[in-house]
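Those letters in the sequence shown? Residues 550 to 796, per the numbering used here, in order. We put the beta carbon where it would ideally sit given N, CA and C, even for glycine. Just so you know, these numbers come straight off a predicted model, no measurement behind them. As structure tokens, the structure follows; a few thoughts come after it.
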Amino acid sequence: MTNPHGLGAGTRLTFNSPLSSERADRLAADLAATKPATVLDLGCGWGELLLRVLAAAPDASGTGIDNFGPDMVRARHNAADRGLADRVTFIEGAVADHLANADVVISSGAYQAFGDIKTALTGIRSLVNPGGRVLFAAEIWERIPTAEQLANMWDGITVDDCLLLPDLVDTAVATGFRPLRIETSTRGEWEEFESLFLAGSEEWLLANGDHPEADAMRDRVDAHRAIWLRGARDVFGFAFLTLGVPG
Ligand SMILES: C[S@@+](CC[C@H](N)C(=O)[O-])C[C@H]1O[C@@H](n2cnc3c(N)ncnc32)[C@H](O)[C@@H]1O
550 MTNPHGLGAG TRLTFNSPLS SERADRLAAD LAATKPATVL DLGCGWGELL LRVLAAAPDA
610 SGTGIDNFGP DMVRARHNAA DRGLADRVTF IEGAVADHLA NADVVISSGA YQAFGDIKTA
670 LTGIRSLVNP GGRVLFAAEI WERIPTAEQL ANMWDGITVD DCLLLPDLVD TAVATGFRPL
730 RIETSTRGEW EEFESLFLAG SEEWLLANGD HPEADAMRDR VDAHRAIWLR GARDVFGFAF
790 LTLGVPG
């Protein structure tokens with residue numbers, strides 16, 4: 550695909566999740582307030598949240614792991630731009646191959662790296678040092694979808710693919726965490742995320758409507774927008790759990 554802003558490339562996004570800069574800075578400040586020495590981000594994307602935590606925690610060093618190479622390049626570039634390159638390592642690879650203990654463990658939109666939610670929480674619990682913190686962010690149902698909403702979402706998705714927020718929190722508690730803060734993405738964060746996810750492709754289409762690949766691109770963005778507006782909107786949610794473990 551010659552479109553430099555291909556669908557999903559994330560070039561317009563600050564985070565690859567429905568997360569505002571304001572919420573991210575507050576989450577980063579809360580995690581940094583525990584004075585971590587080590588921060589581990591499992592499925593870090595281009596590492597924006599990890600970099601914000603490190604900026605707020607000047608004595609910490611961090612490791613970000615992701616198996617998508619271009620995001621690692623972007624992460625290292627951003628780290629160098631912010632003077633953080635000497636305190637962060639970005640590893641291109643599978644999360645399962647790079648597990649390590651840390652004072653703060655982040656898993657945002659990436660529990661799939663472990664398989665399912667319960668397995669992810671159990672795995673992360675074994676990594677976080679005593680007295681440490683976890684930021685676990687994951688997809689939830691804001692409400693149980695109707696059959697029509699489910700049919701309008703991604704192929705193959707079922708009602709069993711997400712938990713309701715209270716069930717997600719109960720799962721975290723049953724895994725040995727205490728919930729320090731429970732929050733969910735606002736509709737505004739979703740609108741920013743979904744719009745910017747599509748924006749690069751839409752702008753390319755406006756400038757390249759006669760390109761041989763334009764019809765395929767148009768079909769893809771139209772399908773993505775329909776999933777968002779006819780299926781997922783106000784039903785498919787995203788939760789941020791700040792979790793503590795005993796010292
Ligand atoms: C929805 S994105 C979230 C990225 C980032 N945490 C954020 O919030 O901006 C999920 C990320 O998990 C990564 N990922 C998924 N499975 C993985 C695995 N098994 N090992 C490493 N990275 C994985 C993907 O490449 C992707 O960058």
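Asked	Found
From G594, A763 and L648, residue whose alpha carbon lies closest to that of G618	G594
Buried or exposed (CB count within 10 angstroms, at least 16 for buried), E688	buried
DSSP-derived helix/strand/coil call for D590	strand
Proximity below 8 Å, CB of L684 to CB of T791	yes
Reduced DSSP category for E740 - H, G, I as helix; E, B as strand; rest coil	helix
T724 beta carbon less than 8 Å from that of R674	yes
Heavy atom of ligand 1 within 7 Å of F617 beta-carbon	yes
Beta-carbon proximity check, N627 vs G596, cutoff 8 Å	yes
Backbone CA spacing between G780 and E741 [nearest angstrom]	17 Å
The segment 760-771 contacting the segment 686-700, beta-carbon criterion three pairs below 8 Å	no
Contained beta strand (DSSP E) runs [length at least 3] in the segment 741-794, N- to C-terminal order	785-793
Any non-hydrogen atom of ligand 1 closer than 7 Å to E738 Cβ	no
Through-space distance from D620 to L714, alpha-carbon basis	29 Å
Beta carbon of V644 nearer than 8 Å to that of I614	yes
Environment of L729 [buried if 16+ CB atoms lie within 10 Å]	exposed
G594 CB to nearest heavy atom of ligand 1 below 7 Å	yes
Cβ-based neighbour list, F789, same chain, cut-off 6 Å, excluding 5 preceding and 5 following	A686 and E732
Cβ-based neighbour list, N650, same chain, cut-off 7 Å, excluding 5 preceding and 5 following	L676 and N678
Beta-bridge pairing of A686 - partner residues as DSSP gives them	S657 and F789
Cβ contact check for the segment 698-706 and the segment 742-753: 3 or more pairs under 8 Å	no
For D579, the nearest candidate out of G592, L603 and V722 (CA to CA)	L603
CB of S656 within 8 Å of CB of L598, strictly	no
Residue ranges of each beta strand (DSSP E) within the segment 564-629, 3 or longer	587-591 and 610-615
Helix, strand or coil at I673 according to DSSP, with G and I counted as helix	helix
Exposure of R601, with buried meaning 16 or more beta-carbon neighbours within 10 Å	buried
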